[in-house]
Amino acid sequence: MRISDPKVLGGLAKLGVQLRPGTSLAELTSLGIGGTTDLLRITKHESIPCLLRLLDDNHIPHKFLGGGSNLLVGDGELSWVVLQLVRPDPEIVLEGNFAHVDAAADLGRTVTYCAKHDLGGMEGLIGVPGTVGGALRMNAGAYGMQIGSYVREVKLYRAAARQIEILRGHQISFEYRHTSFAPDDMMLAVILELPSKPFKEILEGIRICNEKRRSSQPLGQKSAGCIFKNPPGASAGRMIDELGLKTLSVGDARVSDRHANFFVNAGKASANDMLALIADVRGRVHKTYGVELENEVVVWNA
Ligand code: EPU
Numbered sequence: 049m050r051i052s053d054p055k056v057l058g059g060l061a062k063l064g065v066q067l068r069p070g071t072s073l074a075e076l077t078s079l080g081i082g083g084t085t086d087l088l089r090i091t092k093h094e095s096i097p098c099l100l101r102l103l104d105d106n107h108i109p110h111k112f113l114g115g116g117s118n119l120l121v122g123d124g125e126l127s128w129v130v131l132q133l134v135r136p137d138p139e140i141v142l143e144g145n146f147a148h149v150d151a152a153a154d155l156g157r158t159v160t161y162c163a164k165h166d167l168g169g170m171e172g173l174i175g176v177p178g179t180v181g182g183a184l185r186m187n188a189g190a191y192g193m194q195i196g197s198y199v200r201e202v203k204l205y206r207a208a209a210r211q212i213e214i215l216r217g218h219q220i221s222f223e224y225r226h227t228s229f230a231p232d233d234m235m236l237a238v239i240l241e242l243p244s245k246p247f248k249e250i251l252e253g254i255r256i257c258n259e260k261r262r263s264s265q266p267l268g269q270k271s272a273g274c275i276f277k278n279p280p281g282a283s284a285g286r287m288i289d290e291l292g293l294k295t296l297s298v299g300d301a302r303v304s305d306r307h308a309n310f311f312v313n314a315g316k317a318s319a320n321d322m323l324a325l326i327a328d329v330r331g332r333v334h335k336t337y338g339v340e341l342e343n344e345v346v347v348w349n350a
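The sequence shown begins at 49 in the working numbering and counts up one residue at a time.
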């Protein structure tokens with residue numbers, strides 16, 4: 049979608065929004081898949097309510113993009129614009145055991161920055177690509193921990209109320225790869241309360257997680273992490289592997305030979321290739337195990 053109305057363009061400029069016309073989302077997602085649309089980069093949280101009013105008044109649909117690491121975007125010219133927060137400097141401010149982190153901050157950098165200041169707890173998230181906002185929205189976790197456990201406060205744009213609000217940790221429910229945020233809420237910033245731990249000890253935890261990840265996941269390849277959530281008490285990766293589906297392909301979309309719940313873009317895979325592969329694997333798992341796998345990856349294909 050292209051914004052061409054001078055009135056809207058003027059409004060964006062007034063709000064300090066940076067317009068990047070005709071941006072390829074393939075370049076903004078870890079899968080390297082996705083069509084083109086206008087990208088609107090937000091420099092001030094406070095401009096968001098006015099920005100969304102401007103878009104709504106002019107019938108311009110939008111979606112919020114985080115780090116693009118858990119996302120499968122449709123092909124071709126997209127029928128909505130994409131909003132993304134510009135990372136502020138600094139993106140993290142520490143105050144005792146509290147880390148004030150902007151939603152646009154890189155997750156890995158946040159973990160290491162806190163570690164260097166003797167704040168631990170998030171070692172398991174090292175190596176998980178994406179932003180802190182994205183991790184928060186889906187309660188990212190690995191190796192027995194999840195980010196939700198450390199959340200004390202979240203600043204967000206609540207689409208339903210059309211305003212920026214602050215939620216305390218106890219007002220949010222964090223479950224396995226699921227939170228009580230509405231799909232159109234936009235994460236803006238978070239306060240994490242992290243346990244004190246000596247840097248050396250955290251580093252050792254980080255080293256162990258890195259090693260486990262390197263030995264079991266296709267890190268150098270284009271992927272969106274795990275495609276499916278694990279069904280209760282089971283592992284989607286193990287089920288797909290047991291069916292002998294590693295390397296199963298549709299075009300250049302392929303089930304990883306390293307971890308069967310990672311689907312990689314081995315070249316020029318389209319969104320349709322990836323969606324067909326997802327449907328095929330889901331169907332086979334259902335046929336054999338009677339389990340309907342639920343997507344973990346977020347799909348923007350409408
Ligand atoms: N397994 C296989 N074959 C495979 C993959 C896994 O047999 O191809 C087996 C493993 O040997 C192991 C079991 O399945 O016995 C579980 O595998 P793993 O430890 O890799 O964990 P997972 O359940 O597949 C989850 C998260 C990952 C996270 C790891 C480590 C989900 C959907 N996945 O994977 O998160 O990194 O645990 O904690 O919850 C993600 O969220 O995108 C993601 C990759």
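Using N, Cα and C, we set each Cβ at its ideal position, and we do this for glycine too.
For clarity, every value in this text was computed on a predicted model and none was experimentally measured.
- When rounded, the separation of the alpha-carbon atoms in residue 298 and residue 271 is 15 Å.
- When only Cα atoms are considered, residue 99 and residue 73 end up about 21 Å apart.
- The alpha-carbon of residue 321 is positioned some 33 Å away from that of residue 207.
- Counting the other Cβ atoms within 10 Å of the Cβ of residue 313 gives 16 or more, which makes it buried.
- Residue 58 and residue 124 have their C-alpha atoms spaced approximately 27 Å apart.
- Membership of residue 258 in the alpha helix (DSSP H) is indicated by the continuous run 247-264.
- Relative to the non-hydrogen atoms of the ligand EPU, the Cβ of residue 274 comes within a distance shorter than 7 Å of at least one.
- Taken from the Cβ of residue 313, every heavy atom of the ligand EPU lies 7 Å or farther away.
- Assigned with DSSP and collapsed to three states, residue 326 falls in helix.
- The beta carbon of residue 253 sits closer than 6 Å to those of 171, all from its chain and outside the five residues before and after it, given in chain order.
- Here the alpha carbons of residue 131 and residue 323 stand approximately 24 Å from one another.
- With the rule of 3 Cβ pairs closer than 8 Å, the segment 214-233 does not count as touching the segment 164-180.
- The beta-carbon separation of residue 77 and residue 122, rounded to 11 Å, does not stay under the 8 Å limit for a contact.
- Burial is judged here by how many other beta carbons sit within 10 angstroms of a residue's own beta carbon; residue 105 has fewer than 16 and is exposed.
- Remark: the C-beta of residue 286 is in contact range of the ligand EPU, defined as less than 7 Å to any heavy atom.
- About 28 Å separates the CB atoms of residue 319 and residue 96; that is not less than 8 Å, and the two are not in contact.
- Counting along the chain, residue 161 sits inside the alpha helix (DSSP H) bounded by residues 155-164.
- Short of 8 Å from the beta carbon of residue 221, and not among the five residues preceding or following it, lie these beta carbons of its own chain, in chain order: 227, 228.
- Within the segment 187-230, complete beta strand (DSSP E) segments of at least 3 residues are found at 199-206, 211-216, given in chain order.
- Looking only at 162, 93, 164, the smallest Cα-Cα distance to residue 151 is reached by 93.
- Along the length of the segment 77-128, whole alpha helix (DSSP H) runs at least 4 residues long occupy 96-105, reported in chain order.
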